[in-house]
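Working notes, beginning with the structure itself.
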Amino acid sequence: MALRTALVGIGKIARDQHIPAIEASADFELAATASRNAQVDGIPAFRNLAALLDNMPDIACVSLCTPPAARYPDARLAIEAGCHVMLEKPPGKTLAEVRDLASLAERASVTLFASWHSREAAAVRTTRDWLKGKRIRDVRIDWREDVRFWHPGQDWIWQANGFGVLDPGINALSILTAIHPSDLVVSEASLSIPENRDTPVSARMSLRDPEGLEVSVEFDWLEKGPPKWDIRILVDEQEALLCEGGAQLLVDGVEAMSGPDREYQALYERLAGLIESGSSDVDLSPMRIVSDAMAVAHRQVAPPFEW
Ligand code: NAP
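For the sequence shown, the working numbering begins at 96 and goes up steadily by one.
Structure follows, in structure tokens:
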């Protein structure tokens, strides 16, 4: 039987992805929403999660689609009510918050899933498999998009704890840590922060793995036109380009893998599997890189940003 599921934070990603993915799933049923200003036609709606859980004690699963800064108290509430919980990315505003949620979920014997949707892009697993046994010589991440197009009017993203350009950039790091799991160290970083905002509009970092592999990273939010979401990997005598945010892999310019976007369907399938097996998945490695970058970064003042 489908698990009665509540969605919290009915905004862009809830409407674009979570609602269609839940509708298409046999494992989950959208039973209620909690959002201060929005609701979904025909679905019981509450202004906050506490009211929802008080009124609907049969909810078994809560999926949190609010911005990261708002997520921790709701996640605690849901776990304490005995619900399985899925977190949007980045899973919280600090590492300690998410670690606390993981311990709480373990004690409550419920599933906690810190989701990374980009890891489900069509060519990511193929790239990981293709890299097995090869010596990576160099990695360059280039993640550029137009913030006005992709995050229209979202002021939270410019506020402290909103991550700025590191919010989309962490998608690239979630792919990197999936295709090349290792203890990447941030050796250098710089952040450009508009003088009227708290979070960066562009970022650069250099990462190094224990074998000495260098990874250079550039995130930019002022790209005009189509986004560029590329990871270029030099391996022995070949070059792999994982592009389209992980949806397409080219090897020496020739397509090796591509596929349709079913990232969120895959996330809900993964959640169902975790619940079935009584386990959790809380991989904080992409967020640790972002946290470390924020700790070591040089700051530059950028021109003011207005929508
Ligand atoms: P959004 O539309 O701006 O926010 C989602 C909803 O959360 C808002 O509509 C708002 O609904 C509620 N909310 C609760 N507390 C809030 C607060 N303190 N500030 C602002 N809104 C608050 O954001 P989104 O684009 O859906 O992103 C949400 C999360 O999904 C982020 O972590 C983001 O990284 C991730 N994500 C986004 C995208 C994308 O394309 N946008 C893609 C993948 C993942 P009420 O006002 O009704 O409460």
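Glycine is no exception: its CB is placed at the ideal position from the N, C-alpha and C atoms.
- Secondary-structure assignment with DSSP links His179 through a beta bridge to Cys156.
- Here DSSP, grouped into helix, strand and coil, assigns Thr272 to helix.
- Gly187 is classed as buried because its beta carbon has at least 16 other beta carbons within 10 Å across all chains shown.
- Taking C-alpha positions only, His212 is separated from Thr222 by approximately 16 Å.
- Non-local beta-carbon contacts of Val219 in its own chain, meaning distances under 8 Å to residues more than five positions away in sequence, involve Ser213, Ile270, Ala273, Ile274, Leu337, Gly341 in chain order.
- In the three-state reduction of the DSSP assignment, Lys323 falls in the strand class, which pools E and B.
- The nearest non-hydrogen atom of the ligand NAP is 7 Å or more from the C-beta of Ala284.
- Its Cα nearest to that of Arg230, the residue Gly307 stands out among Gly307, Ser297, Trp324.
- Between the alpha carbons of Met181 and Ala170 lies a distance of about 9 Å.
- Taking 8 Å as the cut-off, the Cβ atoms of Leu362 and Met352 do not count as close.
- By DSSP's assignment, Ala284 forms a beta bridge with Met300.
- Relative to the ligand NAP, Trp253 has its C-beta separated by 7 Å or more from all heavy atoms.
- Closest by C-alpha distance to Ile236, out of Asn132, Pro399, Glu339, is Glu339.
- The nearest non-hydrogen atom of the ligand NAP is less than 7 Å from the C-beta of Trp245.
- DSSP places Trp245 in the helix class (H, G or I) of the three-state scheme.
- Runs of the alpha helix (DSSP H) lying entirely within the stretch 102 to 163, each at least 4 residues long, are 114 to 118, 144 to 150 in chain order.
- Annotation: Pro398 to Pro139 spans about 44 Å, alpha carbon to alpha carbon.
- Bounds of the beta strand (DSSP E) holding Ile236 are 231 to 239.
- Under the DSSP assignment, Val349 falls in the beta strand (DSSP E) whose first and last residues are 349 to 353.
- Taking non-hydrogen atoms of the ligand NAP into account, the C-beta of Ala133 is found less than 7 Å away from one of them.
- Assignment of beta-bridge partners to Leu369 by DSSP yields no partner.
- Using a C-beta cut-off of 8 Å, the stretch 238 to 249 makes no contact with the stretch 367 to 377, since fewer than three inter-stretch Cβ pairs fall below that distance.
- When beta bridges are read from the DSSP output, His393 appears opposite Ser285.
- Your pair Glu183 and Leu199 does not check out as a contact, with CB atoms roughly 18 Å apart and the cut at 8 Å.
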